[in-house]
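Here the structure comes first, spelled out in structure tokens, and everything after it is commentary.
Numbering (the working numbering), first residue to last: 11 to 262.
Now the structure itself:
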């Protein structure tokens with residue numbers, strides 16, 4: 011009985027979505043006083059707030075209108091004894107800034123596999139407004155078909171999942187809200203929403219709250235990782251974060 015209860019507990023923990031997280035201080039920069047972006051990199055269950063250790067990622071950087079630059083000024087941080095990272099990035103020129111993280115694969119014993127979530131977030135600088143609907147060449151990525159900034163609470167977000175440059179059909183896309191407000195879900199099934207891509211790799215989801223929303227398209231990778239003498243499959247996640255906001259009340 012104890013073994014069954016332990017198995018159920020492990021399943022309950024793993025049932026919540028794992029998400030790589032790349033969160034800038036804002037999804038758009040309009041003034042020079044907003045140009046110093048604060049970036050946060052985590053591996054977490056975003057709605058529940060449960061953290062996992064994030065090792066120093068294999069690569070962290072930004073694609074600026076398609077040109078890749080590496081971010082090296084990562085600072086290690088701690089939350090509940092779990093490691094995450096932060097960085098500062100000063101936005102100088104107008105452009106489409108796609109911040110990304112390619113982490114070291116994380117072994118999840120409860121699921122008997124490794125997890126590698128290649129995560130990105132798109133920031134528009136000074137009204138550039140272009141290039142956000144183009145792939146940047148990551149092994150797995152979500153390319154928006156809805157502009158990924160300037161979004162309101164209640165907007166429909168749509169995207170296309172790519173794996174190795176091809177559209178990925180019939181892929182599950184987990185969706186979670188980055189819950190920083192102490193919200194409670196009415197049931198466990200409400201914590202992680204799930205949609206699937208169609209034959210063209212497309213999906214859509216309506217975001218009912220203001221804040222940050224994570225979309226994680228989960229793909230069985232074509233590589234395995236050896237761990238303690240055994241080969242394990244890799245769950246490759248194409249993760250994208252977008253921000254929604256409320257209308258503001260005019261003071262006029």
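In this text, a Cβ means the ideal position worked out from N, Cα and C, and glycines have one as well. None of these values were measured; they are calculated from a predicted model.
Three-state class that DSSP yields for residue i in the structure shown
{"i": "residue 44", "result": "helix"}
{"i": "residue 22", "result": "With a pLDDT of 41 at residue 22, under the threshold of 50, the modelled position of that residue is not reliable, and no figure is offered here."}
{"i": "residue 238", "result": "coil"}
{"i": "residue 245", "result": "strand"}
{"i": "residue 62", "result": "strand"}
{"i": "residue 55", "result": "strand"}
{"i": "residue 35", "result": "coil"}
{"i": "residue 134", "result": "strand"}
Cβ-based neighbour list, residue i, same chain, cut-off 6 Å, excluding 5 preceding and 5 following
{"i": "residue 215", "result": "167, 185, 205"}
{"i": "residue 132", "result": "108, 142, 158"}
{"i": "residue 45", "result": "39, 100, 101"}
Cut-off 8 Å between Cβ atoms - residues of its own chain near residue i, not counting five sequence neighbours on either side
{"i": "residue 145", "result": "151, 153, 172, 175"}
{"i": "residue 155", "result": "143, 168, 169, 170, 212"}
{"i": "residue 72", "result": "78, 79, 81, 99, 107, 108, 109, 110"}
Buried or exposed (CB count within 10 angstroms, at least 16 for buried), residue i
{"i": "residue 240", "result": "exposed"}
{"i": "residue 28", "result": "buried"}
{"i": "residue 123", "result": "buried"}
{"i": "residue 30", "result": "buried"}
{"i": "residue 159", "result": "buried"}
{"i": "residue 39", "result": "buried"}
{"i": "residue 135", "result": "buried"}
{"i": "residue 34", "result": "buried"}
{"i": "residue 54", "result": "buried"}
{"i": "residue 253", "result": "buried"}
{"i": "residue 56", "result": "buried"}
{"i": "residue 47", "result": "buried"}
{"i": "residue 49", "result": "buried"}
Cβ-based neighbour list, residue i, same chain, cut-off 7 Å, excluding 5 preceding and 5 following
{"i": "residue 95", "result": "51, 64, 84, 85, 86, 87"}
{"i": "residue 112", "result": "67, 68, 69, 128"}
{"i": "residue 140", "result": "106"}
Spatially closest choice to residue i from the options, by CA coordinates
{"i": "residue 226", "options": "208, 246, 209", "result": "246"}
{"i": "residue 256", "options": "233, 222, 237", "result": "222"}
{"i": "residue 43", "options": "100, 260, 117", "result": "100"}
{"i": "residue 92", "options": "60, 102, 72, 190", "result": "60"}
{"i": "residue 90", "options": "117, 103, 62", "result": "62"}
{"i": "residue 161", "options": "249, 217, 181", "result": "217"}
{"i": "residue 41", "options": "76, 137, 75", "result": "137"}
Below-7 Å beta-carbon distance, residue i vs any chain C residue
{"i": "residue 228", "result": "As a matter of chain content, chain C is missing from the structure shown, which is built from one protein chain."}
> Enumerated in chain order, which unbroken segments of the beta strand (DSSP E) with a length of 3 residues or greater are wholly contained in the stretch 66–106?
Replying inline: 69–74, 77–80, 85–89, 92–100
> What beta strand (DSSP E) runs, 3 residues minimum, are completely inside the stretch 179–232?
Replying inline: 182–187, 203–206, 212–216
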